[in-house]
Structure formats: structure tokens, C-alpha cells
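Okay, so here's the structure we're looking at.
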Amino acid sequence: MRAIRRFTVRPVLPEPLAALGELAGNLRWSWHLETQDVFAHVDPELWRRLQDPVRLLGSVSPSRFEELAADHAFLERLGRVRDDLRGYLADDLWYQREVPDAPRAIAYFSPEFGIAAALPQYSGGLGILAGDHLKAASDLGVPIIGVGLLYRHGYFAQSLSREGWQQESYPVLDPDELPITALRDGDGTPAEIALAMPGGPDLRARIWVARVGRVPLLLLDTDVDQNPDHYSDVTDRLYGGGSEHRLRQELLLGVGGVRALREFSRLTGAPVPEVYHTNEGHAGFQGLERIRELTVGEDAGLGFDDALEMARASTVFTTHTPVPAGIDRFERTLIAQYFATEGGVLPGVPTDRVLALGAEDYDGGDPAVFNMAVMGFRLGQRANGVSQLHGHVSRDMFNGLWPAFDESEVPIGSITNGVHLPTWLAREFRELLDEAGADIDGDLGAFAQALDTVPFSRVWETKRDLRERLVMDARTRLRASWSKRGAVDAELGWIDEALSPDVLTIGFARRVPSYKRLTLMLRDKDRLKRLLLDPERPIQLVIAGKAHPADEGGKRLIQDLVRFADAADVRHRIVFLPNYDIGMAQQLYPGCDVWLNNPLRPYEACGTSGMKAALNGGLNLSILDGWWDEWYDGENGWAIPSADGVADPDKRDELEAAALYDLLEREIAPRFYDRNSEGVPVRWMEMMRHTLESLGPKVLATRMVRDYVGQLYAPAAASARALDGDFSGAIELAAWKRRVRDAWQGVRVEHVESHGVDEAAEVGAELNVQAHVALGGLTPDDVEVQLVYGRADADDQLRAVHSAALAPIEAFSGGRCAFTGTVRLDRAGPFGYTVRVVPRNPHLASTAELGLAALA
Ligand SMILES: *Cc1c(COP(=O)(O)O)cnc(C)c1O
Numbered sequence: 001m002r003a004i005r006r007f008t009v010r011p012v013l014p015e016p017l018a019a020l021g022e023l024a025g026n027l028r029w030s031w032h033l034e035t036q037d038v039f040a041h042v043d044p045e046l047w048r049r050l051q052d053p054v055r056l057l058g059s060v061s062p063s064r065f066e067e068l069a070a071d072h073a074f075l076e077r078l079g080r081v082r083d084d085l086r087g088y089l090a091d092d093l094w095y096q097r098e099v100p101d102a103p104r105a106i107a108y109f110s111p112e113f114g115i116a117a118a119l120p121q122y123s124g125g126l127g128i129l130a131g132d133h134l135k136a137a138s139d140l141g142v143p144i145i146g147v148g149l150l151y152r153h154g155y156f157a158q159s160l161s162r163e164g165w166q167q168e169s170y171p172v173l174d175p176d177e178l179p180i181t182a183l184r185d186g187d188g189t190p191a192e193i194a195l196a197m198p199g200g201p202d203l204r205a206r207i208w209v210a211r212v213g214r215v216p217l218l219l220l221d222t223d224v225d226q227n228p229d230h231y232s233d234v235t236d237r238l239y240g241g242g243s244e245h246r247l248r249q250e251l252l253l254g255v256g257g258v259r260a261l262r263e264f265s266r267l268t269g270a271p272v273p274e275v276y277h278t279n280e281g282h283a284g285f286q287g288l289e290r291i292r293e294l295t296v297g298e299d300a301g302l303g304f305d306d307a308l309e310m311a312r313a314s315t316v317f318t319t320h321t322p323v324p325a326g327i328d329r330f331e332r333t334l335i336a337q338y339f340a341t342e343g344g345v346l347p348g349v350p351t352d353r354v355l356a357l358g359a360e361d362y363d364g365g366d367p368a369v370f371n372m373a374v375m376g377f378r379l380g381q382r383a384n385g386v387s388q389l390h391g392h393v394s395r396d397m398f399n400g401l402w403p404a405f406d407e408s409e410v411p412i413g414s415i416t417n418g419v420h421l422p423t424w425l426a427r428e429f430r431e432l433l434d435e436a437g438a439d440i441d442g443d444l445g446a447f448a449q450a451l452d453t454v455p456f457s458r459v460w461e462t463k464r465d466l467r468e469r470l471v472m473d474a475r476t477r478l479r480a481s482w483s484k485r486g487a488v489d490a491e492l493g494w495i496d497e498a499l500s501p502d503v504l505t506i507g508f509a510r511r512v513p514s515y516k517r518l519t520l521m522l523r524d525k526d527r528l529k530r531l532l533l534d535p536e537r538p539i540q541l542v543i544a545g546k547a548h549p550a551d552e553g554g555k556r557l558i559q560d561l562v563r564f565a566d567a568a569d570v571r572h573r574i575v576f577l578p579n580y581d582i583g584m585a586q587q588l589y590p591g592c593d594v595w596l597n598n599p600l601r602p603y604e605a606c607g608t609s610g611m612k613a614a615l616n617g618g619l620n621l622s623i624l625d626g627w628w629d630e631w632y633d634g635e636n637g638w639a640i641p642s643a644d645g646v647a648d649p650d651k652r653d654e655l656e657a658a659a660l661y662d663l664l665e666r667e668i669a670p671r672f673y674d675r676n677s678e679g680v681p682v683r684w685m686e687m688m689r690h691t692l693e694s695l696g697p698k699v700l701a702t703r704m705v706r707d708y709v710g711q712l713y714a715p716a717a718a719s720a721r722a723l724d725g726d727f728s729g730a731i732e733l734a735a736w737k738r739r740v741r742d743a744w745q746g747v748r749v750e751h752v753e754s755h756g757v758d759e760a761a762e763v764g765a766e767l768n769v770q771a772h773v774a775l776g777g778l779t780p781d782d783v784e785v786q787l788v789y790g791r792a793d794a795d796d797q798l799r800a801v802h803s804a805a806l807a808p809i810e811a812f813s814g815g816r817c818a819f820t821g822t823v824r825l826d827r828a829g830p831f832g833y834t835v836r837v838v839p840r841n842p843h844l845a846s847t848a849e850l851g852l853a854a855l856a
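Per the UniProt record's numbering, the sequence shown starts with residue 1, numbered consecutively.
Here's what the structure looks like:
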């Protein structure tokens with residue numbers, strides 16, 4: 001029989017246990033061991049299975065609650081942990097103490113958030129990063145408010161068919177069983193936001209709030225009674241459905257997200273954000289909603305250009321996609337339909353202005369598409385990639401938006417991702433470090449120092465325990481997977497012997513897009529087999545990852561791998577574990593000795609799984625891509641040489657796979673099995689220590705969030721404040737930009753003279769330049785005249801450019817002006833220079849911002 005309705009009955013906790021509800025209501029438990037221990041004490045077996053306080057409290061029997069309510073030792077411990085949470089939520093932390101003129105609040109938009117296995121609202125790295133960002137912000141006291149969607153089925157649950165083909169299932173998530181609460185009006189009715197939809201009724205959404213430590217996370221949910229079915233389905237799945245479905249999700253996230261923030265502030269008194277950070281392009285419409293507020297909203301009155309300046313100043317855009325095919329784009333006609341000035345999502349906002357923001361109106365662009373990344377750059381004054389290499393790749397990829405500038409000058413910076421230590425550091429290591437007295441959250445240096453007080457043999461023993469824990473967990477998962485694949489118990493005896501806690505363990509787990517090359521390791525199957533089965537120095541591989549449900553190619557890769565791993569001769573040394581998620585990840589990283597990553601360079605924007613492995617003493621074996629390109633130092637792991645230059649992809653795979661096997665066979669396995677008399681691999685341990693020392697402080701999400709605050713959030717808030725004050729600054733800036741754009745065709749470098757250097761210049765010589773510039777009606781204050789110089793290549797193109805501002809010295813009739821300045825030649829080799837005029841205004845974050853430059 002099928003129920004016609006379902007709901008969940010929430011448990012009533014006896015009064016003395018009320019604090020359990022308080023603890024369950026804040027996701028801080030997911031990174032706070034003492035809180036986890038309290039829940040484990042409530043019911044160890046249930047806790048082990050569920051790892052979810054809300055469902056745990058929903059399943060415990062009333063008699064057990066009564067028992068606990070009379071247990072004084074437990075009540076005392078519960079009270080302590082509750083007080084600890086209250087203190088954590090109220091204390092002045094880094095942000096309160098050390099960030100002057102800090103933004104009152106920062107909105108952080110993301111299509112996915114990976115916080116805990118108990119709230120499955122993520123597909124991979126982007127979501128985990130967003131979760132770690134919120135957690136680290138909470139630990140630092142940064143007043144972020146997260147904004148996302150609540151997907152009724154999350155992403156999907158993965159299992160395998162008998163033939164090893166990925167099967168997807170979509171279990172329903174009941175909000176009443178999730179660690180979220182509805183935002184409510186004063187009279188208890190759930191708060192809602194509404195979005196106009198072309199040709200239909202309004203799309204309505206409820207607002208759920210998850211508490212991530214100090215950080216509220218607002219999740220919009222269209223599964224409400226007033227919505228017709230096709231609207232209720234807007235938040236059905238993460239990354240499911242076609243292009244219009246995705247557009248509706250993104251409209252809800254961006255436009256609906258801003259409205260949810262306003263409701264949240266109105267109902268809770270939370271500060272209105274001064275900065276809006278969009279994690280990837282999907283939430284880009286938030287900027288349009290803020291323009292609507294300022295132009296046609298209730299207390300509005302700004303022109304579009306003025307409002308655009310306000311929105312830009314306060315927006316930070318992070319791009320994550322170095323693969324051009326991965327950029328989020330829509331048919332322009334679809335956008336035109338949804339943003340019709342009358343009857344569209346944002347009534348009164350001109351369609352042509354919206355379309356212009358996402359237009360690929362540059363060389364090689366497609367006039368028929370609307371590009372969310374391009375809109376991200378146009379709506380955000382500050383933008384970044386997620387590793388140095390990715391920043392470079394992004395500047396190159398989007399150079400077309402600033403064609404007059406060198407790649408190095410494109411205004412896209414980089415902040416390398418990080419991971420949340422308390423979430424990802426194994427409990428066993430945590431206890432080891434606590435024993436050594438290290439306050440590793442507060443002091444980055446303490447992390448490395450603490451290690452010096454622990455003998456190698458202790459660390460190695462701990463690592464073996466973690467490997468063993470992984471082996472046990474993997475066996476349980478394998479057995480469950482095989483049962484699902486239709487095997488009977490009698491066939492599964494071998495699983496008791498699958499994997500070993502003493503064999504060199506290599507992990508590989510990530511989503512399965514083709515650039516990550518799940519099956520590179522299968523390139524030479526015989527060679528891999530020899531490595532797995534080596535009688536003295538075997539390796540074992542633990543592999544996991546989901547392919548997107550529509551990605552047949554990815555599913556075929558999984559099947560290839562599963563078929564290889566199914567073979568009776570190797571199945572004890574290589575396993576594929578279905579349904580990679582945070583819960584599995586937390587077992588996997590600490591249990592691995594080596595973390596393998598072999599993407600096609602440079603398509604891994606950053607990657608974070610290797611960082612999580614490194615925190616747990618894992619050594620990275622990776623292509624020099626993303627973060628590894630930046631922080632590999634020759635001693636903290638291994639670099640798989642990349643054959644970037646080889647055009648034939650097949651040849652490239654072959655070369656890189658061969659290099660991978662060579663490293664495993666000649667360096668990694670020998671070092672792992674090289675033991676001293678106590679059985680400790682001393683050289684291995686030295687690398688492990690060096691890894692923790694060199695990477696430990698860098699890979700932390702707290703480092704990342706501090707970088708965002710210092711380099712992006714605080715400057716964005718300052719820019720927005722400078723434009724405010726009845727918006728006079730924004731109005732002036734918009735007018736100035738119009739004036740500069742209109743005048744620009746008359747701006748010219750007419751004449752350049754140089755002194756002090758001839759053909760045979762030496763290092764140390766000074767080059768003096770005078771330039772005569774026509775200003776086309778602008779004043780010398782409106783422009784910066786620059787001497788741009790650098791290495792000149794064979795066809796006189798400047799590389800690695802620098803620029804120095806020239807000073808105005810003399811004004812002539814007809815709006816012309818002379819400028820002068822000097823640079824020292826501090827490097828030998830081919831040198832070239834030119835003179836360029838760019839717009840100048842204190843409100844610009846970069847001289848490239850307008851994309852305008854007049855070159856000699
Ligand atoms: C860390 C993590 C990822 C991201 O891994 P990448 O290295 O960025 O591919 C994906 N899924 C889960 C569950 C993770 O914990």
C-alpha cells in the first residue's frame with residue numbers, strides 16, 4: 001500500500017535532555033568530536049549506522065531517553081558540550097578582533113553545499129568547497145550567510161548492476177528528517193518568496209535554514225502546496241533536467257536567493273549583506289535582482305548604469321571551470337523570454353541590458369548564447385580563479401573580454417582552495433596532536449611543531465590503524481554492493497580477505513568527467529596487475545566516484561574499471577566502492593598512503609581531495625595541475641610528468657600512464673616497504689612529516705577564508721561604501737564611465753620620445769620617456785598614461801609586462817598633454833616598451849576594468 005501523504009513525527013525530548021535538540025540543531029556537531037561522542041553515547045549502534053543526530057533522536061526509544069535523563073554523569077557532560085556550543089556561537093573570534101571596517105555580512109551563493117553526509121546537497125568538489133568555506137568562516141567568526149537550494153532528491157545515490165553499470169536512485173529527502181528548520185513569520189507561518197514566471201503564476205519557495213556553526217545557510221525549496229507540479233519540481237535534483245530546468249533553478253538561486261536574504265534579515269534582524277559572493281556562475285542572477293531593487297524596487301530610483309555600479313562594487317565572482325565546454329551557457333532566446341521587460345522575472349528591468357551582460361560579443365564568441373561566466377565578470381568588480389595555475393588559465397580563457405590587455409593584466413586573480421581541518425582530519429590524528437598539546441585550529445605553525453614531539457613509530461601505528469579502519473569499511477561496502485548486484489553470500493567469502501591493512505594503499509576518488517581520467521591506470525592492464533600482485537611489494541587500490549547520470553561515457557569508464565576489479569585474480573587488491581560521499585571520504589583519505597590524481601592538465605581547476613589526504617599523512621602522486629602545480633616541492637610527494645605538449649590524446653595517455661607505473665614501481669613501492677628494525681619505513685615517514693609541515697598550513701580552509709576576507713570581501717565592501725551615501729558615488733561613477741567611453745575614440749598617443757638608452761643598453765641604465773597624448777576632451781586626471789615594458793619576443797610582442805605611470809608635465813592647446821617618466825632596466829635580454837593610455841578613477845579595482853586602452 002502506498003501512503004497518500006507522509007510526515008515525520010518529531011521526538012519529544014524529556015526536559016533534562018533538551019540540550020540534545022540544541023546540539024542536533026546545529027551542524028557544528030559534524031566537525032566537533034565531543035559533540036559526536038555525546039550522540040554516540042545516546043545509542044552507539046544507531047550512531048554508528050546513522051551518523052545523523054536528527055535521525056538518531058527520531059529513532060531512540062522513550063525508555064532510553066528516560067534512562068539518560070536520570071544519568072547525572074551524562075547530563076553533566078551534555079551540559080558542558082552545550083555550553084561549549086553556546087560559547088562558540090557568541091565569542092569574539094579572528095574576524096571581530098582583527099578585521100577593521102569589516103563587512104557587516106557577506107552573502108555566499110552556491111548551487112551545492114557539502115556539509116555533512118546527513119545533508120546530501122552536493123555532487124562533488126564545488127559543494128564540498130562551499131561547505132568547507134562556511135565552516136571555516138564560522139570558525140573565524142566571518143559573518144557569512146550561505147544561500148542555496150534544497151534539492152528533494154539531492155544529487156543521486158549510486159549503485160552498480162551485475163555488469164558494473166552505474167545505477168542511479170533518487171531517495172526522497174524529508175525536510176523534517178534533515179538538520180534544517182523553516183524560516184517563519186512572527187505568527188508561525190513559513191516564510192516564502194515568490195518569483196514572477198513568464199506566462200504562468202508566480203513560482204513560490206519556502207526558506208529552510210541550516211545552522212553551520214555561526215553561519216546560517218538558507219535553502220530554497222519549491223515543493224510547496226500552491227505551486228503546480230512543474231514548479232514543485234524546480235528543486236527536484238541537483239544538476240538534473242534540461243536547459244530550461246537549469247535556468248529556473250539558477251533564477252531561483254540568484255533572484256530568489258536575494259529575496260530570501262531580505263526575508264531572513266526582516267524576520268531575524270540579521271544584517272543585510274554588504275558583499276555578495278557567487279561561487280561559480282550559477283548564482284549570477286543575484287546581481288540582476290539587486291539592480292532591480294535599486295531601479296524599480298520600492299525605495300529605488302537609480303538608473304540602470306548607477307545600479308550596475310552598486311551591484312558590481314559589492315559582488316565577488318569565483319570561476320571554477322578551466323574547461324571551455326564546462327561553462328554555463330543558455331540560448332539567448334530563452335533568456336530573452338524569461339527576462340521580457342514586461343511579464344518576465346524582473347518586470348521593469350530592460351531585456352536588452354540583461355542580454356548585453358551575458359553576450360559573447362568578443363572574438364570567437366557565439367552570438368546566439370548567453371554566458372553566465374561572462375555575466376559573472378560584468379556583474380562582479382572582483383573575480384578570481386581557485387589556484388594560481390587556474391587564475392592564469394582563466395585570464396587566458398577570458399582575455400577576449402579585455403582584448404587590449406596582456407593576459408597577466410586581465411582582472412582575474414586567484415585564491416587557492418583549502419579544506420576544513422576539523423572536518424577532514426581523522427580523529428586518531430586529532431587525538432595524537434591534542435596529546436602533543438597543539439592548538440592546530442588557532443595557530444598554523446603549531447601543526448608542524450606538534451609533529452616533532454611524536455615519535456615516528458607512534459604516527460606509523462596510527463596510520464596502520466587508519467588503513468585497517470578503511471579496509472573494514474571497504475569490505476562492508478563491497479559486501480553490500482555485491483548483494484545489490486545479485487550475489488549470494490556463498491559467493492562472497494573472498495570479501496573477508498579483500499584488501500589488507502599492511503599493503504601500500506592508493507586512493508582515487510572523485511567525480512568521473514572525462515578529464516579526470518578514471519581509467520588511466522588501466523592503460524597497461526598487465527603492468528597494473530604485476531604491481532597489484534607483486535609478491536614482495538604489492539599495492540592495493542581503492543577507487544570511488546559518481547558519473548553524472550547523463551554521462552554515458554563516464555559510466556562506461558566506471559564499467560571498465562569495475563570489470564577489471566571484478567576479476568578473481570585481482571579483486572582482493574583493487575576495489576570500486578559505490579556511492580562516494582562525505583561519509584566514505586572521511587574513511588578513505590586517512591586510510592590511504594598515496595592519493596592519486598591524474599587529470600588532463602590544466603583542467604583540474606584546483607582539486608581538494610589531495611589536500612585532505614595530505615592532512616592525514618597521505619602522500620600525493622599527481623599530475624602537476626591545480627593546487628599541486630603550486631605546492632609540490634620535490635619532497636612532499638610525487639609529480640607525474642605531464643605530456644601537455646603531445647597533441648595526440650592517445651599518445652599522451654600512454655606516456656603519462658607509463659610515467660605513473662614507473663613511479664609506483666621504482667620509487668613509491670620500494671620506499672614504502674623499506675623498513676627499519678621496528679618495521680617503520682623511515683624514509684617514507686620523513687616524506688610524510690615533510691608533507692604535513694609544508695602543506696599543513698597552506699591547505700587549510702581558514703587560510704583560504706582569510707585570503708577571501710583580506711583580498712576580496714573587505715575591498716568589495718569598501719568599494720560599495722565609497723559609492724553609497726545616497727548612491728551619489730555610484731551615479732558619479734556611472735556618469736564618468738559614460739563620459740570616458742564616449743570620449744575614448746579621441747584618446748591617442750601622438751608622439752613618444754625616449755632618452756638615456758640606445759641600442760647597446762646595459763642593466764641598470766635608465767630609460768626616460770616623454771609622450772604626447774590627445775585626451776579627446778578628457779582631463780589628465782581621467783587617464784593614466786603608462787609606460788608598458790617587458791620582454792620582447794621575436795615578433796616584438798611584449799611578454800611578462802609591467803607598467804609604470806607617467807606624470808603629466810605640460811598641457812597644450814586642443815586638449816593635448818605631455819607625460820613623462822623613467823624606468824630602470826633591471827634585467828638583461830631583449831627589452832621592449834610601448835606607451836598606453838588607460839582610464840583612471842579611484843573607484844576602479846583595476847586599470848583594465850573598462851577594457852579600454854589606447855596604444856602608441
Ligand atoms: C573532497 C571531495 C571531492 C572533491 O575532490 P577533487 O579532488 O576536487 O576531485 C569530491 N567529493 C567528495 C565527497 C569530497 O570529499
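The beta carbon of each residue, even a glycine, is placed where N, CA and C say it ideally should be. Source: prediction; values computed, not measured.
8 angstroms contact criterion, which residue i and residue j should meet: CB distance rounded
i: GLY626; j: HIS390; result: 7 angstroms
i: LEU23; j: PRO53; result: 7 angstroms
i: PHE304; j: GLY254; result: In fact, because the Cβ distance is near 17 angstroms, the residues do not count as touching under 8 angstroms.
i: LEU733; j: HIS802; result: No, LEU733 and HIS802 are not in contact; Cβ-Cβ is about 27 angstroms, not under 8 angstroms.
i: SER169; j: SER161; result: Contact flag wrong, Cβ pair sits at about 12 angstroms.
i: LEU183; j: VAL209; result: 5 angstroms
i: LEU712; j: ASN417; result: Rounded, the Cβ-Cβ distance is 14 angstroms, inconsistent with contact.
i: TRP638; j: LEU621; result: 5 angstroms
Helix, strand or coil at residue i [DSSP, three-state]
i: GLY815; result: coil
i: ALA804; result: strand
i: HIS772; result: strand
i: ALA657; result: helix
i: PHE113; result: strand
i: TYR673; result: coil
i: PHE339; result: coil
i: ALA196; result: coil
i: PHE156; result: coil
i: GLY729; result: helix
i: THR820; result: strand
i: ALA480; result: helix
i: residue 863; result: In this structure the chain extends from 1 to 856, so residue 863 is not present and cannot be described.
i: GLU431; result: helix
Neighbour-count burial assignment, residue i, 16 or more Cβ in a 10 Å radius
i: TRP402; result: buried
i: HIS282; result: buried
i: PRO513; result: buried
i: LEU855; result: exposed
Closest residue to residue i among the options (Cα-Cα distance)
i: ALA643; options: THR691, ASP633, GLU630 and LEU624; result: LEU624
i: LEU288; options: GLY256, ASP299, THR505 and THR318; result: GLY256
i: GLU428; options: ARG467, HIS420, MET397 and ILE415; result: ARG467
i: ALA761; options: PHE831, PHE727 and GLN711; result: PHE831
i: ARG485; options: SER719, GLU604, GLU461 and ASP566; result: ASP566
i: TYR108; options: ILE115, ASN279 and ALA196; result: ASN279
i: ARG378; options: ASP361, SER232, SER387 and ASP233; result: ASP361
i: ALA718; options: PRO228, ARG312, PRO111 and SER110; result: ARG312
i: TYR632; options: TRP94, LEU660, LEU655 and THR691; result: THR691
i: ILE412; options: GLU431, GLY326, LEU596 and GLY380; result: GLY380
i: LEU541; options: HIS548, LEU532 and PRO111; result: LEU532
i: VAL272; options: ILE543, GLU491, ALA105 and GLY186; result: ALA105
8 angstroms Cβ cutoff, residue i in contact with chain B
i: HIS772; result: Note that chain B does not occur in the displayed structure, where there is just one protein chain.
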